[in-house]
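Following: one structure in structure tokens, then a few remarks.
In mature numbering (1 follows the signal peptide of the UniProt record, and there is no 0), the protein residues as written are -20 to -1, 1 to 812.
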């Protein structure tokens, strides 16, 4: 197997929710057509929607798709094939020609106690402690202690969407993953099937390469150890390989194939199901996957949408098929190996086009779990169902039975992984260390470095308080957040469409504060809190910008010379706070009267894809905007030096990839940072040239960058949580020099409150990339150990320890850190 040299594709699975399929005469012809069809459908069926009434309709998953996919189309009708792969290769070329030895390292802040969307789970065939999980945009993860802790395995691949996992039971170090999320065109797309021969440590490509896997996301993989046959269910056909994936044939060339299963105990019989083509339904092969026959005995032959199969070793001839059809979720069963079928039950589909899973007990063929938005259990073979309301997050995508433990059932949902060791009677979360949360936005105040907030996909809004275990502050889908610059207890958070909430106690209690706001906002409604007044905020809704000067009670519409057109971002000048700017899809507005009046200025050629705007910290005439599209005709970063009268493209040497967020360093205004779909880039000359600024950071979608006056930069990612980097000691000349090997710093340490004097609180902020023993100690100038500061086992994360200097004489001291065979030290000056 060759080392990591992956061949990629970018695709969109055109799979509208089932009710829309019933309304549409033909499938969507393009990605843009799909988005427009679904938009019309929901306008007709939910004309007076409210966020609290749309759960289970598929409306929110579709809006999430639209939010991510639409701008990436640019001026085209489909995503550009191979664009993500091309940008990944361009990034690698930049890294190879960069002096990365002198770059600082990104450290993850968490959260380690809550996880994001999980698509696949696979348990080692012989060892229950070894579990793999594939996530929507956080990659493949491995646990060696049955989910007590997790390790990322694919952080540097071109895509972090893993929708299928398969292990060779005869050689468990040999495994495959199928990439791409694929549900209704959602989010992050695939690069084919990858193979590992060392338990997931290294990955190489298979024969399902860029040229043949273009337009393909993988839903299921099935390996037959007896014959060496590997089957792949994808969004563009059912594939077969007999040489570990080196070459492939396509016995079924049409449709979206959602599942393929080997009959328990058989060496040649498989069942598969698919939709999106005229002969959709359930198929059977009795010749090791070479030919397939459509099964009809009692099964529906039309109106088929999302579907899944389940079988059990307790009765190999019993097969269950869960299918979304029309306005219902139907469960069919065969007891004779697929010859005849009976309809067992009909349920509400509850966005089954997006959430659908089914699994049967390995010991009792009548005991079935069928999951969608929520968990349902049947003890009579699917004739009736009861909702299981335990400690399991909603929106399910994956199930797995432990091959070594018939009572162990795994579930995967938008909230991560959950394990039952009692055959489904109860579940516990298994998300400790599974850092896959999808952050839409982050923020922090400036009075406390160890306090930050973030809004997430389907997991609400959370607060970081200096440890990797985050605390929840608001439910639903969380978006923009604000923290008071002077009073860090003032916290704002929001849910979809501009419903704003305020807290005066650091997020412990939130109050709805939309008085005076007369319209909905976009899916992610931009907000900004005034740098000098914690009671003043702005919010960019659909056509208006609203402002409050008294903490949201009430808001009022500011004066604008044109409609906003759906807000994307609001920014303020740090040094002259009367100046603000706002961007929408195609419009930019500026204000010079502290946000009372916004006037439209010229628009850079970004084709309705503007994603963020930033203002120079001391000169409000200098601004930058980003565009999150793959369209090569659209510049990814534009700059103005005359307040928006004219703009010029400063994409320069950036790869052709979506750029989602931009920020100036307030300490060094020529330093600009951009977050893209793969990395963070830095310019140390105002945008003239760019370099990757991503040592230690996964190749993940970067959604929001924030600068902190203590010399840190933070980024929220869509799939790998919250990250932080120390930029105070960066030397641009070193970074931009000749190529040198990357050095990922195993430890990091900085002192805050230095020099220390009476009334100054000094803390040591430290981080390690691998868990281990950490010792922190204080030494005087002669090398004498003055006191121990901290000693013990520590997780792989950032933490802080206070340093009591009140009883120490004035002079020079040193704080030393020893961890995992590595050392860091920093001088501490004590003044009296």
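Think of the CB as a built atom: it goes at the ideal place given N, C-alpha and C, for glycine as much as any other residue.
| said: Counting C-beta neighbours from all protein chains within 10 Å, is the total for residue 772 16 or more, i.e. buried, or is it exposed? | reply: exposed
| task | Quickly, what does DSSP pair residue 568 with across the bridge? List them, please. | result | 563 and 581
| field | Enclosing beta strand (DSSP E) for residue 692 [first to last residue] | value | 692 to 697
| What do you get for residue 178, buried or exposed, if any count of 16 or more other CB atoms within 10 angstroms of its CB means buried? | exposed
| said: Going by C-alpha to C-alpha distance, which of 210, 476 and 234 sits closest to residue 196? | reply: 234
| query | Within 10 angstroms of its Cβ, does residue 704 collect 16 or more other Cβ (buried), or is it exposed? | reply | buried
| Where does the unbroken beta strand (DSSP E) through residue 437 begin, and where does it stop? | It is not in any beta strand (DSSP E) - residue 437 carries neither H nor E in the DSSP assignment.
| field | Residues of its chain near residue 58, where Cβ-Cβ distance is below 8 Å and the 5 sequence neighbours each way are ignored | value | -9, 10, 11 and 12
| field | Own chain residues within Cβ distance below 8 Å of residue 279, not counting five before or after | value | 261, 262, 301, 312 and 321
| message | Quick test of your reading: residue 804 and residue 727, contact by CB under 8 Å. State the CB separation rounded to the nearest angstrom. | response | 5 Å
| message | Am I right that residue 450 and residue 138 are in contact with their C-beta atoms under 8 Å? What's the rounded C-beta distance? | response | With 8 Å as the limit, residue 450 and residue 138 do not qualify as a contact, their Cβ atoms being about 28 Å apart.
| query | Which partner residues of residue 415 appear in the DSSP bridge assignment? | reply | According to DSSP, which records beta bridges pairwise, residue 415 is partnered with nothing at all.
| task | Indicate the three-state DSSP secondary structure (helix, strand or coil) for residue 346 in the structure shown. | result | coil
| task | Could you spell out the range, first to last residue, of the beta strand (DSSP E) harbouring residue 713? | result | Unbroken run through residue 713 is the alpha helix (DSSP H), 712 to 715; no beta strand (DSSP E).
| task | Work out the CA separation of residue 540 and residue 500 for me, nearest whole Å. | result | 17 Å
| message | Going by DSSP in three states, residue 797 sits in which element: helix, strand or coil? | response | strand
| message | Distance check for residue 477 and residue 519, CA to CA, integer angstroms please. | response | 11 Å
| query | Less than 8 Å separating the beta-carbons of residue 632 and residue 687? | reply | no
| Rounded C-alpha distance that separates residue 700 from residue 316 | 45 Å
| Backbone CA spacing between residue 344 and residue 99 [nearest angstrom] | 26 Å
| query | If you draw a straight line from the alpha carbon of residue 738 to that of residue 141, how long is it in whole angstroms? | reply | 52 Å
| Hey, how far is the Cα of residue 107 from the Cα of residue 319? | 36 Å
| So, are the CB atoms of residue 170 and residue 189 less than 8 Å apart? | no
| Can you give the Cα-Cα distance for residue 595 and residue 747, rounded to whole angstroms? | 32 Å
| task | Could you tell me whether the region 329 to 342 touches the region 56 to 73, using the rule of 3 or more Cβ pairs below 8 Å? | result | no
| residue 514 versus residue 780 - alpha carbon distance | 27 Å
| field | Where residue 822 falls: helix, strand or coil (DSSP) | value | Because the chain here runs from -20 to 812, residue 822 falls outside it and cannot be looked at.
| said: By alpha-carbon positions, which one of 307, 147 and 114 ends up nearest to residue 132? | reply: 114
| For residue 372 versus residue 407, is the C-beta spacing smaller than 8 Å? | yes
| Hey, residue 395 and residue 439: beta-carbon distance below 8 Å or not? | yes
| request: In the DSSP assignment, find the beta strand (DSSP E) that holds residue 385 and state where it starts and stops. | output: 385 to 393
| request: Please classify residue 628: is it buried, with 16 or more other beta-carbons within 10 angstroms of its beta-carbon, or exposed? | output: exposed
| Three-state class that DSSP yields for residue 171 in the structure shown | coil
| request: Could you spell out where the alpha helix (DSSP H) holding residue 17 opens and where it closes? | output: 11 to 25
| said: So, under 8 Å CB-CB, residue 592 and residue 642 are touching, yes? Tell me the CB distance rounded to an integer number of Å. | reply: 5 Å
| What's the call for residue 127, buried or exposed, on a 16-neighbour Cβ count within 10 Å? | buried
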